[in-house]
Amino acid sequence: MICLNSIKKLKIAILFLTLSLIGFSAFAQKQQKPNILFIAIDDLNDWVSPLEGNKQAITPNMDKLTKSGAVVFKNGVTPAPICGPSRSAILSGFLPSTSGVYANSHDMLYSELVQKNPTLPEYFSLNGYHTLSNGKMFHKHGTKNGKTDFGAWAFDEFSRARRYNKDAVNNKYVTSSKAGAINGVVKLEYKEKKAKLSWGPTKDKFEKTVDFGVADWARKQLQRDFDKPFFMSVGFIKPHLPWFVPQEFFDMYDINKIEDLIIKEDDLADITNAQGKQKFKPTAEYKWIKKHNLSKEATRAYLANVSYVDKCLGIVMDALEKSGYADNTIIVIWGDHGWHLGEKQRYLKNTLWSEAVKPPFFVKLPGMEKTIISDKTVSLLDLYPTLISLANLPKKDNLDGHDFSKLLKNPSSNWKYPGVTVSANGTSVLTEKLHYIKYLSGEEELYDIVNDPHEWNNLIKDSRYKKEIKELKKWIPKKRKKASKERYKKPKNYVDADQDPTIKATRVFKK
Ligand SMILES: [Ca+2]
Ligand SMILES: [Ca+2]
Numbered sequence: 041m042i043c044l045n046s047i048k049k050l051k052i053a054i055l056f057l058t059l060s061l062i063g064f065s066a067f068a069q070k071q072q073k074p075n076i077l078f079i080a081i082d083d084l085n086d087w088v089s090p091l092e093g094n095k096q097a098i099t100p101n102m103d104k105l106t107k108s109g110a111v112v113f114k115n116g117v118t119p120a121p122i123c124g125p126s127r128s129a130i131l132s133g134f135l136p137s138t139s140g141v142y143a144n145s146h147d148m149l150y151s152e153l154v155q156k157n158p159t160l161p162e163y164f165s166l167n168g169y170h171t172l173s174n175g176k177m178f179h180k181h182g183t184k185n186g187k188t189d190f191g192a193w194a195f196d197e198f199s200r201a202r203r204y205n206k207d208a209v210n211n212k213y214v215t216s217s218k219a220g221a222i223n224g225v226v227k228l229e230y231k232e233k234k235a236k237l238s239w240g241p242t243k244d245k246f247e248k249t250v251d252f253g254v255a256d257w258a259r260k261q262l263q264r265d266f267d268k269p270f271f272m273s274v275g276f277i278k279p280h281l282p283w284f285v286p287q288e289f290f291d292m293y294d295i296n297k298i299e300d301l302i303i304k305e306d307d308l309a310d311i312t313n314a315q316g317k318q319k320f321k322p323t324a325e326y327k328w329i330k331k332h333n334l335s336k337e338a339t340r341a342y343l344a345n346v347s348y349v350d351k352c353l354g355i356v357m358d359a360l361e362k363s364g365y366a367d368n369t370i371i372v373i374w375g376d377h378g379w380h381l382g383e384k385q386r387y388l389k390n391t392l393w394s395e396a397v398k399p400p401f402f403v404k405l406p407g408m409e410k411t412i413i414s415d416k417t418v419s420l421l422d423l424y425p426t427l428i429s430l431a432n433l434p435k436k437d438n439l440d441g442h443d444f445s446k447l448l449k450n451p452s453s454n455w456k457y458p459g460v461t462v463s464a465n466g467t468s469v470l471t472e473k474l475h476y477i478k479y480l481s482g483e484e485e486l487y488d489i490v491n492d493p494h495e496w497n498n499l500i501k502d503s504r505y506k507k508e509i510k511e512l513k514k515w516i517p518k519k520r521k522k523a524s525k526e527r528y529k530k531p532k533n534y535v536d537a538d539q540d541p542t543i544k545a546t547r548v549f550k551k
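For the sequence shown, counting from 1, position 25 maps to 65 in the numbering used here; every step adds exactly one.
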């Protein structure tokens with residue numbers, strides 16, 4: 041006869057066995073498919089410690105991540121040198137020349153190709169992943185219903201950690217070309233309406249700022265127990281203008297010790313059109329900075345924003361380490377394009393020079409222990425085919441990018457693709473040695489990026505490179521798809537409630 045006590049013991053044993061089996065199968069499922077932590081940083085150039093674009097940059101969290109084992113792509117390129125087209129290309133998997141998305145005003149939802157094909161997060165969702173997003177991932181657009189498209193339709197869960205659209209500056213200390221203010225002093229002579237630069241300390245402390253909110257959201261999500269592998273998209277808005285971050289980040293850099301960049305004053309003289317005229321001139325921002333002797337202040341402001349976003353990134357990295365997911369999560373960190381801070385006599389983005397086409401690009405696979413600095417010219421466009429390959433999802437064969445997963449496993453693997461960047465006015469083709477640029481208006485440039493990393497000497501007329509130029513030209517897309525004419529204005533002072541809920545129903549795909 042079995043006593044009551046034994047039955048109890050048996051029941052408990054069965055319960056434990058069942059629980060451990062459930063636990064095991066959940067673990068096994070998680071082990072089978074890696075999670076993806078997909079982190080975009082807006083307008084970040086190579087002024088980060090792993091890339092040494094500016095040795096003054098203080099980015100301990102990027103350092104920590106890359107030093108703990110990651111591939112740092114030194115020649116990573118963006119498919120397009122400005123926010124909307126870059127993000128549209130990376131997330132749709134199609135170059136601007138294929139989708140017809142060349143400008144921030146072009147919403148990829150009106151590209152027939154994008155209407156027929158799931159974007160990267162949609163593809164993960166269709167294939168068994170739970171997808172969630174916060175912050176800036178897709179570019180914002182107005183929709184035909186008078187609403188705003190933040191890209192919510194692309195994710196299973198979507199939220200925006202922002203009370204307002206921007207953090208507010210403390211006007212006592214603001215510098216702004218449009219407002220005509222320098223360090224809080226407003227004067228008519230400081231005003232330059234055409235220039236877009238502004239910086240200064242926020243009214244709010246760090247814990248109230250937008251990107252902190254995004255990071256804190258990610259931290260909380262990483263404490264959840266997901267029953268499916270996740271694709272978590274985290275989009276930081278800084279160092280995008282305006283450079284408003286808390287004072288503590290400006291204080292990290294002593295203005296008296298900020299080093300100026302070496303700018304070649306006649307750098308633009310060797311880029312000429314068919315009539316022999318100089319194609320580019322110094323921009324309004326560059327002239328404003330020169331006039332008021334603000335180059336060191338601008339450099340410090342950008343660096344302060346870089347350190348701010350690095351701190352936000354650190355919150356996410358620490359949360360991942362503390363979660364149960366660190367051993368089975370692929371981390372991808374990318375900037376949507378680079379940024380000029382005086383080089384080629386300009387500020388801002390949207391050029392085809394290295395400053396704009398080469399954003400930071402780091403990938404960490406579970407188990408990586410070494411820092412690998414790769415010279416391979418990998419494009420952010422390659423992320424779509426690569427991530428689906430790493431997650432062992434079905435291949436998608438109409439994408440423009442190429443699977444670079446072999447470079448993550450063996451960095452010296454053969455890689456035949458240059459980095460191609462398509463802008464509204466031309467194409468850039470980057471190899472490990474040369475950088476070729478061709479504008480739609482016909483002008484061309486060629487730089488030896490090994491011996492001339494600043495791209496000061498345009499070699500396009502040098503006959504020694506005839507053969508190379510011919511080869512590089514072959515990578516320029518043969519056709520440029522026309523942009524859709526559908527454009528809609530965003531509602532004025534839009535808020536989260538202006539999100540257009542109708543788009544999701546148009547995004548139905550077969551598995
Ligand atoms: Ca951007
Ligand atoms: Ca030059």
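Backbone N, C-alpha and C define an ideal beta-carbon position, used for all residues, glycine too.
So, at 6 Å on beta carbons, what are the nonlocal neighbours of residue i in its own chain, with the 5 sequence-adjacent residues on each side left out?
| i | result |
| --- | --- |
| V418 | F113, G116, F444 |
| S468 | L392, V397, T461, I477 |
| F78 | S273, V372 |
| K506 | none |
| P406 | D367, N368 |
| A143 | A464 |
| E383 | E395 |
| G63 | A caution first: G63 carries a pLDDT of 43, below 50, which makes its placement in the model unreliable, though a value can still be read off. Contacts found: none. |
| D267 | none |
| Y487 | H475, E495 |
| L57 | Note on L57: pLDDT 47, under 50, position unreliable in the model; no value is reported. |
Since I believe residue j is in contact with residue i (beta carbons under 8 Å), could you give me their beta-carbon distance rounded to a whole number of angstroms?
| i | j | result |
| --- | --- | --- |
| A201 | V254 | 5 Å |
| K206 | E325 | About 19 Å separates the two Cβ atoms, so there is no contact after all. |
| N174 | V274 | 6 Å |
| F402 | P90 | 7 Å |
| A431 | I76 | 7 Å |
| W328 | S216 | So it is not a contact: roughly 10 Å between Cβ atoms. |
| N94 | P399 | 14 Å between Cβ atoms; not a contact. |
| W26 | P458 | Because residue 26 is not part of the residues shown, which for the chain are 41 to 551, the question remains open. |
| K330 | I298 | Not really, about 16 Å apart at Cβ, beyond 8 Å. |
| D540 | T249 | Actually they do not touch by this definition, with Cβ atoms about 27 Å apart. |
Can you find the residues in the same chain that come closer than 7 Å, C-beta to C-beta, to residue i, ignoring five residues on each side of it along the sequence?
| i | result |
| --- | --- |
| L262 | A359, L360, S363, Y365 |
| G466 | L392, I477, K478, Y479, L480 |
| T542 | N185 |
| K70 | At K70 the pLDDT is 46, less than 50, meaning the model places this residue with poor confidence; the figure from the coordinates comes in the next sentence. Cβ neighbours of K70 beyond the five flanking positions: P269, N368. |
| I413 | V112, K114 |
| R547 | E162, W193 |
| S199 | N174, W257 |
| Y534 | T188 |
Please say whether residue j and residue i have beta carbons closer to each other than 8 Å?
| i | j | result |
| --- | --- | --- |
| D376 | T138 | no |
| D251 | C123 | no |
| H170 | D147 | no |
| P286 | K245 | yes |
| W379 | D83 | yes |
| P119 | S108 | no |
| N210 | K243 | yes |
| G220 | V226 | yes |
| D300 | W496 | no |
| G140 | L160 | no |
| A97 | W239 | no |
| L512 | I489 | no |
| P136 | A129 | yes |
| L172 | E197 | yes |
| Y387 | T471 | no |
| D538 | T188 | yes |
| D415 | H442 | no |
| P158 | F549 | yes |
| I277 | K436 | no |
| F190 | L131 | no |
Between residue i and the rest of its own chain, which residues show a CB-CB distance below 8 Å, the 5 nearest in sequence each way excluded?
| i | result |
| --- | --- |
| I311 | Q318, K319, F320, E483, E485, N498 |
| I303 | G382, E383, Q385 |
| V356 | L77, I79, A255, A258, R259, L262, V274 |
| E409 | S108, G109 |
| H36 | Lying outside 41 to 551, the shown extent of the chain, residue 36 is not represented and no answer is given. |
| L61 | Residue confidence is low: L61 scores 46 on pLDDT, short of 50, so the model does not pin down where it sits. No coordinate-derived value is stated. |
When the Cβ atoms of the stretch 385 to 393 are set against those of the stretch 88 to 108, are three or more pairs found closer than 8 Å? With a cut-off of 8 Å, the stretch 88 to 108 and the stretch 385 to 393 do not count as touching, because too few Cβ pairs lie within range.
Chain-ordered residues, beta carbon under 5 Å from a heavy atom of ligand 1: D82, D83, C123, D376
Should the stretch 287 to 294 be called in touch with the stretch 337 to 348, which here means at least 3 C-beta pairs below 8 Å? yes
Is it the case that the stretch 517 to 525 contacts the stretch 140 to 156, given that we only count it when at least three CB pairs across the two stretches are under 8 Å? yes
Say whether the stretch 421 to 438 touches the stretch 381 to 391, bearing in mind that this needs 3 or more beta-carbon pairs closer than 8 Å, one atom from each stretch. no
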